[in-house]
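All you need for our numbering is the position in the sequence shown, starting with 1, plus 923.
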Amino acid sequence: KPGLVVTYAAFQGLALGTLSSYYESFYPGIVSQAVIGTMAAFTGVLIMYRNGTLRATPQFTRALIGAAIGYFILAIVSLISSFFGVGQGYGFYGVSGLGLLLAVAGVALASLFLVLDFDQIQKGVAAGAPEKESWRAGFGLMVTIVWLYLEILRLISILRRQ
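Structure, rendered in structure tokens:
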């Protein structure tokens, strides 16, 4: 359903633009730093994937999915705790050392998910997947890049807040 993906992308762009503008109002220059950081992480992971340093083995994939589930659960608990004033309303991300550690873990996790996206794209091309199906792999890659950008944005904001 490419039409649905385009609609999703438009709304995601609106939300991302709004959130970026909000961060920029508190931390001037943070958006350009996050964009550069995202491009650097993307390029670094792509190079490591292409030269075989990072591979999407079944064990790597299982470990990454497990870590993502744990990170998601932690994010939900952090969100709930923020309603009770933990970390001055930032949840676990507002707790000095813990927040920084979680932000770094989020950037690492999002970066490693690029490996799965690159692998999916490479396997699709090798299998001769129809060109009309390429939007699925592109959509997955876009979601990961946006996630990486948001994690880098959060990391930089924590560093600038301290």
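Even for Gly, the Cβ is constructed at its ideal location relative to N, Cα and C. Quick caveat, the model's predicted, so the values are computed rather than measured.
- With a threshold of 16 other beta carbon atoms within 10 Å, Phe-995 falls short and is exposed.
- Gly-1008 sits in coil when the DSSP states are folded into three classes, being neither helix nor strand.
- Shortest Cα-Cα distance from Thr-1067 to any of Ala-932, Leu-927, Pro-925 and Gly-926 involves Ala-932.
- Close CB contacts of Arg-1077 within its chain, under the 8 Å cut and outside five residues either way in sequence, are with Tyr-1016, Ala-1026 and Gly-1029 (chain order).
- About 7 Å separates the beta carbon of Val-954 from that of Tyr-946, a gap short enough to meet the 8 Å contact definition.
- Apart from the 5 residues on each side of it in sequence, Leu-1037 sits with its Cβ closer than 6 Å to the Cβ of Val-968 and Thr-1067 in its chain, given in chain order.
- Annotation for Thr-961: the continuous alpha helix (DSSP H) segment containing it runs 953–973.
- Counted as a single uninterrupted DSSP element, the alpha helix (DSSP H) harbouring Tyr-945 occupies residues 925–949.
- Residue Leu-997 holds the alpha-carbon nearest to the alpha-carbon of Leu-1021 among Leu-997, Gly-952, Leu-977 and Val-1048.
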